[in-house]
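Enquirer:
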Amino acid sequence: IWMVSCETPVDIANRHVATIGHDIVLTDLFNRTSDDHLESAYNLIFRQDGRLIAHPEYMTQIQDAEGNFNILNSDDQHLNNIFQTVKHQQPGTIALENTKDNEYLAVTKIEGPDWYFVTVYPKSLLANLAFDTARFILILGLISLLIEITVLFFVLREQVAKPLNDLMGATEQITKGRFETHLKVTRQNEFGHLAQSFNAMSQEIQAREDSLRQANQLKDEFLANTSHELRTPLNGIIGIAESLREGVAGELSDKATANLTMIVSSGKRLSALVNDILDFSKLKHKEIELQVKAVGLREIVDVVLTLSQPLVAKKPVELNNAIAVDLPAAKADENRLQQILYNLIGNAIKFTEQGKIEIKASAVESHLEITVSDTGIGIPSDKQTRIFESFEQVEGGMERTYGGTGLGLAVTKRLVQLHGGELGVKSTLGVGSQFMFTLPISEEPISSQSAVVASQSPLQAVADWDIKTLVQQPQNTGGHFKILIVDDEPVNRQVVANFLSLQNYNIVQAASGMEAIALIEDGLIPDAILLDVMMPRMTGYEVTKRLRDKWQLSEMPILLLTAKNQVEDLVIGLEVGANDYLTKPISKDELLARLKTHLNIKRLREENIRMSAELDISRRLQQMLLPKDEELQHIEALDIAGFMAPADEVGGDYYDVLYQNGQVLIGIGDVTGHGLESGALAIMVQSAVRTLLAAYHQLDAVKFLTALNQMVYHNVIRMNAEKSLTLSLLSYQNGQLVLTGQHEEMIVIRANGELEQIDTMDLGFPIGLDEEMADFIAETKLSLKSGDGVVLYTDGITEAENIEGQYYGLERLCFVIKQNGQQNSAQEIQKAVIDDVRRFIGEQKVFDDITLLVIKQK
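When we follow this note's numbering, the leftmost residue of the sequence shown carries the number 530, and every step to the right adds one.
1. Is it the case that the Cβ atoms of Pro1019 and Met791 are separated by a distance below 9 Å?
2. If you draw a straight line from the C-alpha of Leu634 to the C-alpha of Ile678, how long is it?
3. Look up Ser963 in the DSSP assignment and give the residues it is bridged to.
4. Helix, strand or coil, according to DSSP, for Phe660 in the structure here?
5. Considering only the beta carbon of each residue, do Ile899 and Ala890 sit closer than 9 Å?
6. Report the residue from Arg580, Gln1373 and Gly1171 whose alpha carbon sits nearest the alpha carbon of Ala1355.
7. Helix, strand or coil: how does DSSP classify Thr710 here?
8. For a test of the three-state rule: what should DSSP assign to Thr998, helix, strand or coil?
9. CA-CA distance, Arg865 and Met1248?
10. Should the stretch 1295–1304 be regarded as contacting the stretch 1344–1361, the criterion being three or more beta carbon pairs within less than 8 Å?
11. For Gly959, collect the residues of the same chain with a Cβ closer than 8 Å to its Cβ; drop the 5 residues on either side in sequence, then sort them by chain order.
12. Verify whether the separation of the beta carbon atoms of Leu1089 and Leu1060 is less than 9 Å.
13. Just to confirm before moving on: does the CB-CB distance between Ile874 and Leu897 stay below 9 Å?
14. Flag this pair as yes or no: are the beta carbons of Glu1273 and Asp1324 separated by less than 9 Å?
15. Run through DSSP, which three-state label would Lys912 get?
16. Is there a C-beta anywhere in chain C that falls below 9 Å from the one on Met1067?
17. So, at 8 Å on beta carbons, what are the nonlocal neighbours of Val1025 in its own chain, with the 5 sequence-adjacent residues on each side left out?
18. Can you tell me where the beta strand (DSSP E) holding Pro1318 begins and where it ends?
19. Of the choices Ile1379, Asn850 and Ala1057, whose alpha-carbon is the least far from that of Ser902?
20. Shortest alpha-carbon distance to Asp1158 belongs to which of Ala1166, Val1186, Lys1131 and Pro1175?
21. Pick from Tyr1337, Ile1332, Gln1265 and Pro1295: whose alpha carbon is nearest that of Gly1318?
22. Which of the three DSSP states, helix, strand or coil, is assigned to Gly937?
23. Check each candidate in Leu675, Tyr645, Glu626 and Leu667 and name the one with the smallest Cα separation from Leu655.
24. Quick check on Ser891: does DSSP put it in helix, strand or coil?
25. Is it buried or exposed for Ile852, if we count other Cβ within 10 angstroms and need 16 for buried?
26. If you measure between the beta carbons of Ser1253 and Thr1327, is that distance less than 9 Å?
27. Cα-Cα, which of Pro762, Asp1098, Asn718 and Asn1331 is closest to Leu799?
28. Can you check DSSP and say which residues form a bridge with Gly634?
29. Evaluate contact between the stretch 1276–1295 and the stretch 1160–1174, counting only Cβ atoms and requiring at least three cross-stretch pairs below 8 Å.
30. Only counting runs of 4 or more residues, tell me where the alpha helix (DSSP H) segments fall wholly within the stretch 1354–1380, in order along the chain.
31. If we count the other Cβ atoms within 10 Å of its Cβ and call it buried at 16 or more, is Val854 buried or exposed?
32. Mapping the DSSP letters down to three states, classify Pro845 as helix, strand or coil.
33. Going by beta-carbon coordinates alone, are Ala859 and Ile970 separated by less than 9 Å?
34. When we look at the beta-carbon of Asp1056 and count the other beta-carbons within 10 Å, is it buried (16 or more) or exposed?
35. Which residues in the same chain as Gln1262 place their Cβ atom closer than 8 Å to its Cβ, once the five residues preceding and following it in sequence are excluded?
36. Tell me the DSSP secondary structure of Gly1338 in three-state form.
Here's what the structure looks like:
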């Protein structure tokens, strides 16, 4: 039995009173030290002096040595390493690493007997434990992840995938035109809101589809009804014109006969268009019923080619019927078959300038295959499928060489399909085209009444008259003005020529833009040109551009005539240099009035008044008319700053500063109203003022304003516009300023800060308002010293409105000028006023031009 005796002294008040002793049996402790441990780990106890108390492998040695087995004297290096590691530990350390033996030590010191209880853990043991723990955690994590993914899959399938699949399916139904498709709204989340939005969208689409379908039906009904209603007056026009041409009212002159022939031609062209529109509408609604019977194809083609012959009279084009005599009869509606052939052959003639047009046919199984081939311009491959669509044409834009509505082939294809056939095309650009269509073969013999064809083709405007030969170049009538009419349509040229012939104009005609350019380059100088826009190979815009390279607007006025009436077309025409723009059908009175206006402007320029006849409505031109900063800086005695900002509409404000012979002439004006006429009048006035100044050399108020008023008054009368303008003219020389003309009050800011206002109401009369104004003209004078300034403006400043409808006013203008006018330059004063006006206006729309002119004596 192992026993340890322990003694503990008891001291009281530093006096030893007693000693307590007790014995401890160590057998259980040694057994537990040896037996209680983890796998691969063990426990040991040793004293601080190295004596080993308990060790599972050294218990026999310890007993033999009667408890005096010293670690330091043993040969066990491992045991020595443990002892040295524990002995040199830091106080309080519980876990140590025995690096020499690759193990961990858990140490507990037993203070009483001064023993060390040590548990030895090999690192491999901890590594294995960590690996087992990690493997367990990994397996547990994978199982958890698999469970989560499975749960997530089912949740996503139910909550996301299924709603999305439903949405995709509903969307596909919508794209197929099933607008009644709706989604079930069973959720209150984002997918529920999406379903509600989708249902609302589908309802909106369905409502719009119904609305569009109804509008389309109304359009078709309107086209059909209008086409029916047009036939009655058309029949009357064509019939009466034909009867008059044939002499029902007596013998006519050649010119009258030619004009009537053109009426018939134009009427029949319009009738063909009406028929196309009516057929298109009927085919669309399947309202055409065919009268099918056996038809001899060769005989029908013969008649169509005979009636189409006049259309190639001026072309080196051969029409050839290559259909065999023994070809089986076609099963078709005779009239509709004629219409099909008229359209295809007519197209071939239209697009073929030389060569051959041939019609062939062959029997293929139970149907006939008919081919109309030509040697024309061909069709680009990217447009061969589109030409059968409604209102589609191979060419487009302003330079169209060939007319038409784009309905012919669409109607033709539907008529062929109505017969149970198909229509297609093969074409090579620049080589020619082949249109092929099929018809069923008839099992019945040809009727004796077949091949009775209408007396005239819908393509044939006038079979027995050549319109181009009827439009002869009219003889000069000795009129003062020479007018060049340019249009590729002979009827249109004749219409305009008829209008002008009553006004004693010399008329010259050209059938194309290139012919017009050639005439002018050969020496023709017309006083005005009436120019069609949509012409082959060279448009009216291109002709205008070419002419503007040499002649100014006032030198050769150009009036564009076109059926295009969109604002962008007008803008393009004016930008390339046209003086005016009239849309077809042209009103005789409007044409003559506008032509006279431009001719009068040209005549005034030729008489040295040099007034500008430009009617360009762009703001850029309005700004170009203002004096440049460089011009103002060259005036040595004055510091001048000008500003003009046009309104959203073209206005009539302008200012000008002219300097010659030491005299400075300053003008500022405002034309009543807005728009093109106001802008044109402002340009006219500026040009006239400059011309008159050159003529009079100095400002004579009465003569100057009277002459200016006469010019403006008569041009306003010609323009048939109620226009006038207020105009102030200032003449400056050697510090003396002379003011004349009625305009806004002139503001004078003196060098000492004093402000003066000069009322111009009694200095003149609105220009162009009355023919005589000499009695109203007066002038006033004032002297300017160094630092003195003058401010001129238009009512666009004083009557500028803010968002609340309040006016800027003269009082505020004077206040800003007084605050900034004493020490600042003209430019600084101008900037201060304009900035204040803009702040006042804010986001409000500007309804009038804003013009300001500041002059300071240096």
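Think of the CB as a built atom: it goes at the ideal place given N, C-alpha and C, for glycine as much as any other residue. Given the structure is predicted, the values throughout are model-derived calculations rather than measurements.
Expert: The relevant details are as follows:
1. Taking the first residue of the sequence shown as position 1, residue 1019 is located at position 490. Taking the first residue of the sequence shown as position 1, residue 791 is located at position 262. Yes, the pair counts as a contact, with Cβ atoms nearer than the cut-off.
2. Stepping through the sequence shown from its first residue, residue 634 is reached at position 105. Stepping through the sequence shown from its first residue, residue 678 is reached at position 149. Those two C-alpha atoms are separated by around 44 Å.
3. Your numbering for residue 963 matches position 434 in the sequence shown. According to the sequence displayed, residue 963 carries Gln and not Ser. Paired residue(s): Ser902 and Lys955.
4. Along the sequence shown, one-based indexing puts residue 660 at 131. Note: Phe660 maps to helix in three-state DSSP.
5. Mapped onto the sequence shown, residue 899 falls at position 370. Mapped onto the sequence shown, residue 890 falls at position 361. It is a contact, given that the beta carbons lie within the stated cut-off.
6. Here residue 1355 corresponds to residue number 826 of the sequence shown, with the count starting at 1. It is Gly1171.
7. Translated into the one-based positions of the sequence shown, residue 710 becomes position 181. If DSSP states are grouped into helix, strand and coil, Thr710 belongs with coil.
8. The residue given as residue 998 occupies position 469 in the sequence shown. For Thr998, the predicted model reports a pLDDT of 48, less than 50, meaning its position is unreliable; a value from the coordinates is still stated below. Three-state DSSP puts Thr998 in a helix.
9. The residue labelled residue 865 in the question sits at position 336 within the sequence shown. The residue labelled residue 1248 in the question sits at position 719 within the sequence shown. The alpha-carbon atoms of Arg865 and Met1248 are separated by roughly 54 Å.
10. no
11. Translated into positions along the sequence shown, residue 959 becomes position 430. Excluding sequence neighbours, Gly959 sits near Ile906 and Gly907.
12. What you label residue 1089 is simply residue 560 of the sequence shown in a count that begins at 1. What you label residue 1060 is simply residue 531 of the sequence shown in a count that begins at 1. Closer than 9 Å, so yes.
13. Here residue 874 is taken as the residue at index 345 of the sequence shown, counted from 1. Here residue 897 is taken as the residue at index 368 of the sequence shown, counted from 1. Taking 9 Å as the Cβ cut-off, Ile874 and Leu897 do not qualify as a contacting pair.
14. Your numbering for residue 1273 matches position 744 in the sequence shown. Your numbering for residue 1324 matches position 795 in the sequence shown. A contact, by the Cβ cut-off of 9 Å.
15. Start at 1 with the first residue of the sequence shown, and residue 912 comes out as number 383. Here Lys912 sits in helix by DSSP.
16. Absent here is chain C; the protein component of the structure consists of one chain.
17. Within the sequence shown, numbered from 1, the residue matching residue 1025 stands at position 496. If we look at Val1025 and ignore the five residues flanking it on each side, its Cβ neighbours are Ile1014, Asp1016, Leu1059, Leu1090, Ile1115 and Leu1120.
18. Here residue 1318 is taken as the residue at index 789 of the sequence shown, counted from 1. According to the sequence provided, residue 1318 is Gly. The question's Pro does not apply to it. Taken as a continuous stretch (DSSP letters only), the beta strand (DSSP E) holding Gly1318 covers Gly1318 to Tyr1322.
19. Taking the first residue of the sequence shown as 1, we reach residue 902 at position 373. Comparing Cα-Cα distances from Ser902 to each of Ile1379, Asn850 and Ala1057, the minimum goes to Asn850.
20. Your numbering for residue 1158 matches position 629 in the sequence shown. The option with the nearest alpha carbon to Asp1158 is Val1186.
21. Here residue 1318 refers to the residue found at position 789 when the sequence shown is read from its first residue. Looking at the Cα atoms, Gln1265 is the closest of the given residues.
22. Position 408 of the sequence shown, counted from the first residue, corresponds to residue 937. Correct three-state label for Gly937: helix.
23. The residue you call residue 655 lines up with position 126 of the sequence shown. Closest option to Leu655, Cα to Cα, is Glu626.
24. Residue 891 sits at position 362 when you count from the first residue of the sequence shown. Reduced to three states, the DSSP call for Ser891 is strand.
25. If you number the sequence shown from 1, residue 852 lands on position 323. When all chains shown are included, Ile852 counts as buried.
26. If you number the sequence shown from 1, residue 1253 lands on position 724. If you number the sequence shown from 1, residue 1327 lands on position 798. Not closer than 9 Å, so no.
27. For the purposes of this step, residue 799 is taken as residue 270 along the sequence shown, with counting starting at 1. Among Pro762, Asp1098, Asn718 and Asn1331, the Cα nearest to that of Leu799 belongs to Pro762.
28. On the sequence shown, residue 634 is found 105 positions in, with the first residue counted as 1. The identity of residue 634 in the sequence shown is Leu, whereas the question assumes Gly. DSSP output for Leu634 lists Leu625 and Val649 as bridge partner(s).
29. no
30. 1355–1370
31. Taking the sequence shown and counting its residues from 1, the one referred to as residue 854 is at position 325. So Val854 ends up on the exposed side.
32. Working through the sequence shown from its first residue, we reach residue 845 at position 316. Residue state, collapsed to three classes: coil.
33. Taking the first residue of the sequence shown as position 1, residue 859 is located at position 330. Taking the first residue of the sequence shown as position 1, residue 970 is located at position 441. Closer than 9 Å, so yes.
34. If you number the sequence shown from 1, residue 1056 lands on position 527. Its Cβ being crowded by 16 or more others within 10 Å, Asp1056 is buried.
35. Taking the sequence shown and counting its residues from 1, the one referred to as residue 1262 is at position 733. Contacts found: Gly1191, Gln1192 and Val1193.
36. Residue 1338 sits at position 809 when you count from the first residue of the sequence shown. Three-state result, Gly1338: coil.
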